[in-house]
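In our numbering, the protein residues as written are 2 to 180.
Listed below in structure tokens is the structure:
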């Protein structure tokens with residue numbers, strides 16, 4: 002009887018230590034596509050089937066020449082979903098892509114890579130470890146952030162305060178799934 006209690010205590014301590022070191026971190030077991038926004042944002046629905054890429058070959062098939070930047074920064078997997086909604090009585094499209102870059106260092110390096118074309122982006126402290134967005138002269142906006150090993154990219158085909166609010170709402174939704 003005494004031996005059984007000691008064995009149980011050792012097991013419980015081992016599990017506790019593993020959790021403290023992040024070995025049982027839920028993020029390690031979560032699929033990238035599970036982080037996509039479902040039908041959680043009022044007025045916005047998924048449009049089309051999106052894609053999931055678990056290799057460079059699959060990613061290249063979906064985003065062609067743009068895949069190299071993700072590969073250079075440790076690409077593991079990615080998931081993409083387009084959405085449609087209405088902004089100021091006009092139909093709009095939004096795209097969400099989430100990349101698993103393997104570790105935080107890779108995700109951070111990707112976020113900082115000038116090849117993303119986000120020079121002049123405005124810092125935003127709302128989502129992720131750090132986030133930024135850029136507005137393209139009345140045509141579109143891009144918002145990106147990273148949290149841990151994930152890099153998140155959002156694009157919308159409008160450039161208004163309302164479209165920026167929607168991008169931020171999507172970003173906060175995804176970021177909440179990491180916690």
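Glycine included, every Cβ here is placed at the ideal spot set by N, Cα and C.
*asked:* I need the DSSP call for residue 68, collapsed to helix, strand or coil.
replied: The residue labelled residue 68 in the question sits at position 67 within the chain shown. Of the three classes helix, strand and coil, the one that applies to residue 68 here is helix, per DSSP.
*Do you know offhand how far residue 97's Cα is from residue 141's?*
Residue numbering aside, residue 97 sits at position 96 when the chain shown is read from its first letter. Residue numbering aside, residue 141 sits at position 140 when the chain shown is read from its first letter. Each residue's CA atom was taken as its position, placing residue 97 and residue 141 some 14 Å apart.
_Cβ-Cβ distance between residue 163 and residue 60 below 7 Å_ = Taking the first residue of the chain shown as position 1, residue 163 is located at position 162. Taking the first residue of the chain shown as position 1, residue 60 is located at position 59. By the CB criterion at 7 Å, residue 163 and residue 60 fall outside the cutoff.
*asked:* So residue 99 and residue 173 are supposed to be a Cβ contact under 8 Å. How far apart are they, rounded?
replied: Translated into the one-based positions of the chain shown, residue 99 becomes position 98. Translated into the one-based positions of the chain shown, residue 173 becomes position 172. At roughly 14 Å, the Cβ-Cβ gap does not stay under 8 Å, so residue 99 and residue 173 are not in contact.
_Start-to-end residues for the beta strand (DSSP E) that takes in residue 141_ = Mapped onto the chain shown, residue 141 falls at position 140. 141-148 is the span of the beta strand (DSSP E), which, as asked, contains residue 141.
_Applying the 10 Å Cβ sphere with the 16-neighbour rule, what's the burial state of residue 90?_
To locate residue 90, count along the chain shown from 1; it is residue 89. Classified as exposed, residue 90 has fewer than 16 neighbouring CB atoms from the shown chains inside 10 Å of its CB.
*Output the boundary residues of the alpha helix (DSSP H) element that contains residue 124.*
Counted from its first residue, the chain shown places residue 124 at position 123. Note, residue 124: premise wrong, no alpha helix (DSSP H); beta strand (DSSP E) at 123-125.
_C-beta contact flag for residue 54 and residue 79 at 7 Å_ = Counting from 1 along the chain shown, the entry for residue 54 is found at position 53. Counting from 1 along the chain shown, the entry for residue 79 is found at position 78. The Cβ-Cβ distance between residue 54 and residue 79 falls below 7 Å.
_Residues of its chain near residue 116, where Cβ-Cβ distance is below 8 Å and the 5 sequence neighbours each way are ignored_ = What you label residue 116 is simply residue 115 of the chain shown in a count that begins at 1. The beta carbon of residue 116 lies closer than 8 Å to those of 70 in the same chain, with the five residues before and after it left out.
*Work out the CA separation of residue 166 and residue 111 for me, nearest whole Å.*
Here residue 111 is taken as the residue at index 110 of the chain shown, counted from 1. Here residue 166 is taken as the residue at index 165 of the chain shown, counted from 1. Answer to the nearest angstrom: the Cα atoms are 24 Å apart.
_For residue 161, tell me which candidate among 130, 136, 67 has the shortest Cα-Cα distance._
To locate residue 161, count along the chain shown from 1; it is residue 160. The shortest CA-to-CA distance from residue 161 to any of 130, 136, 67 is the one to 136.
*Sort out for me which residues DSSP pairs residue 86 with in a bridge.*
Along the chain shown, one-based indexing puts residue 86 at 85. Beta-bridge pairing links residue 86 to 93.
*Can you name the start and end residues of the beta strand (DSSP E) that residue 154 belongs to?*
By one-based count along the chain shown, residue 154 stands at place 153. Residue 154: member of the beta strand (DSSP E) spanning 151-157, first to last residue.
*Give the single residue among 150, 50, 143 whose Cα lies nearest to the Cα of residue 122.*
Taking the first residue of the chain shown as position 1, residue 122 is located at position 121. For residue 122, the nearest C-alpha among the options comes from 143.
*Backbone CA spacing between residue 51 and residue 84 [nearest angstrom]*: As a working mapping, residue 51 is identified with position 50 in the chain shown. As a working mapping, residue 84 is identified with position 83 in the chain shown. Taking C-alpha positions only, residue 51 is separated from residue 84 by approximately 9 Å.
*Any idea if residue 120 is buried or exposed, counting beta-carbon neighbours within 10 angstroms, 16 or more meaning buried?*
Counting from one through the chain shown, the residue named residue 120 turns up at place 119. Taking every protein chain shown into account, the CB of residue 120 has fewer than 16 other CB atoms within 10 angstroms, so this residue is exposed.
*C-beta contact flag for residue 45 and residue 86 at 7 Å*: For the purposes of this step, residue 45 is taken as the residue at position 44 of the chain shown. For the purposes of this step, residue 86 is taken as the residue at position 85 of the chain shown. The Cβ atoms of residue 45 and residue 86 lie closer than 7 Å to each other.
*asked:* Report the CB separation of residue 129 from residue 176 in whole angstroms; it is logged as a contact under 8 Å.
replied: Mapped onto the chain shown, residue 129 falls at position 128. Mapped onto the chain shown, residue 176 falls at position 175. That belief holds up - the Cβ atoms of residue 129 and residue 176 are roughly 6 Å apart, short of 8 Å.
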